[in-house]
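There are 2 protein chains.
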Amino acid sequence: MRTLGIDPAIRSTGYAILEGDHSSARALDYGVITIPPRIPQSGALEAICTHTRNLIEKWKPDEVAIEGIIYVQSHRTAISMGAARAAPLIAAAQFGLTVYEYSPKKVKKAIVGKGTADKNQVAFMIRALLGLSETPPSDAADAMAIALAHLQASDPRRATILDRRKV
Amino acid sequence: MRTLGIDPAIRSTGYAILEGDHSSARALDYGVITIPPRIPQSGALEAICTHTRNLIEKWKPDEVAIEGIIYVQSHRTAISMGAARAAPLIAAAQFGLTVYEYSPKKVKKAIVGKGTADKNQVAFMIRALLGLSETPPSDAADAMAIALAHLQASDPRRATILDRRKV
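What follows is the structure, encoded as structure tokens:
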């Protein structure tokens, strides 16, 4: 199965294309969609949507996995995160792809073994698990962790533990 | 000037196409984009985006005006509202249209004369101001109020009072 993992944020969205199953996986592509502050919010969201569409056209993933939002400092942040999350959801729906959401805490628990792992620990573990020759940027590592959790969830017991839901 | 006004929400997005200037306006089209609960969130957002694109293609507005989010009960609501707001922003940016945001309170103050006006009062006043033969659905009336405020804001003094900002 081929999965597109997304860790969305208005100015810095991590993405990853992973192929494999619940026991093994390899990274085909990963990176960070960076939008400079001079671009207004509407243009930034459109750019994330277009980038996601391009990734889907190029890599033809079977499904999409995205990080759920659990904790936010303020309503302002929540609104901005909700908007950033909408852009890849729209791109996925345009291609008729199903999107699954995972709690960031459960993804970290599954991948690093600790729900409170920090960004460096996730990047370090992802590098080891996928045999990458470099430590990935942390937003891309988060996207790979989500995609990896989604591949693990092809085992139904893991899907329950990971508390996944369709969005 | 022709303006597309949008009052976004995941399941019920009001829209309005108004033409005019700061002193007079008429409604060319208005309505509510309703998405049934059986459609997942990603499909709902995609549908709002596509509907907005269709409206832009049909009516060719010069600018887009959208309601800002001021008060929300919970982070969950804020995330959902942020997502709903992203869909028309993406559609507008795809056509290179500038989007202006207005505070709902200031729009009500400008149109009804009272920042705390309820939905019925807005719909009643919009019907009178635009000479409509029916009382519009409240979500459509909100979108017309935003579009009307935007036309008023073509007078720079009004733009300042309305506290508008580009998004």
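If you're matching them up, the sequences are chains A and B in order.
Here the first sequence is numbered in my numbering, starting from -6 and rising by one per residue.
Here the second sequence is numbered in my numbering, starting from -6 and rising by one per residue.
Yeah, the Cβ is synthetic: ideal placement off N, Cα and C, and Gly gets one too.
In chain order, A40 place their CB closer than 8 Å to the CB of B/I32, counting only its own chain and leaving out the 5 sequence neighbours on each side. Considered as a whole, the segment 32 to 101 of chain B harbours 56 to 60, 92 to 95 as its complete beta strand (DSSP E) runs of no fewer than 3 residues, in chain order. Residues of chain A with a Cβ closer than 7 Å to the Cβ of B/V100 do not exist; the shortest Cβ-Cβ separation is about 18 Å. A direct Cα-Cα distance of roughly 31 Å separates A/K98 from B/C42.
Closest in C-alpha terms to A/R46, from the list A/I10, A/A71, A/R150, A/K159, comes A/I10. The alpha helix (DSSP H) runs of length 4 or more contained entirely in the segment 117 to 149 of chain B are, from start to end of the chain, 131 to 145. In the DSSP assignment, A/I(-1) falls within the unbroken beta strand (DSSP E) covering -5 to 0. The residue from A/A37, A/I26, A/I3, A/K51 with its alpha-carbon nearest to that of A/R(-5) is A/K51.
Using a CB distance below 7 Å, the part of the segment 77 to 98 of chain A facing chain B consists of R78, A79, A80, L82, I83, A85, A86, Q87, V92, ordered along the chain. Using a Cβ-Cβ distance cut-off of 8 Å, the segment 18 to 32 of chain B and the segment 102 to 109 of chain B are not in contact, since fewer than three pairs of beta carbons, one from each stretch, lie closer than that value.
When the Cα atoms are used, B/S16 and B/T128 turn out to be separated by approximately 22 Å. Within the model, the alpha-carbon separation for A/A110 versus A/E60 is close to 15 Å. The beta carbons of B/S147 and B/D14 sit about 6 Å from each other, so the pair counts as a contact at 8 Å. Straight-line measurement puts the Cα of B/S73 at about 16 Å from the Cα of B/I83.
The beta carbon of A/K53 does not come within 8 Å of any beta carbon belonging to chain B, so the residue lies off that interface. Per DSSP, reduced to three states, the secondary structure at B/I3 is coil, with no helix or strand assignment. Under the Cβ criterion of 8 Å, A/H68 is counted among the residues facing chain B. As a beta-bridge residue in DSSP terms, A/I26 pairs with A/T6. With respect to chain A, the C-beta atom of B/P33 has a partner C-beta closer than 8 Å.
Look at B/I139: its C-beta is not under 8 Å from any C-beta on chain A. In the DSSP assignment, no residue is bridged to B/L21. A distance below 8 Å between beta-carbons, with the five flanking residues on each side excluded, links B/L38 to the following residues of its chain, in chain order: I3, A76, A77, A79, A80.
Annotated as proximal: A/A18 and A/L141, with beta-carbon spacing under 8 Å. Chain-order list of chain B residues neighbouring A/I28: empty, with the shortest C-beta distance near 12 Å, by a criterion of under 7 Å. Rounded to whole angstroms, the separation of the alpha carbons of B/T6 and B/L144 is 20 Å.
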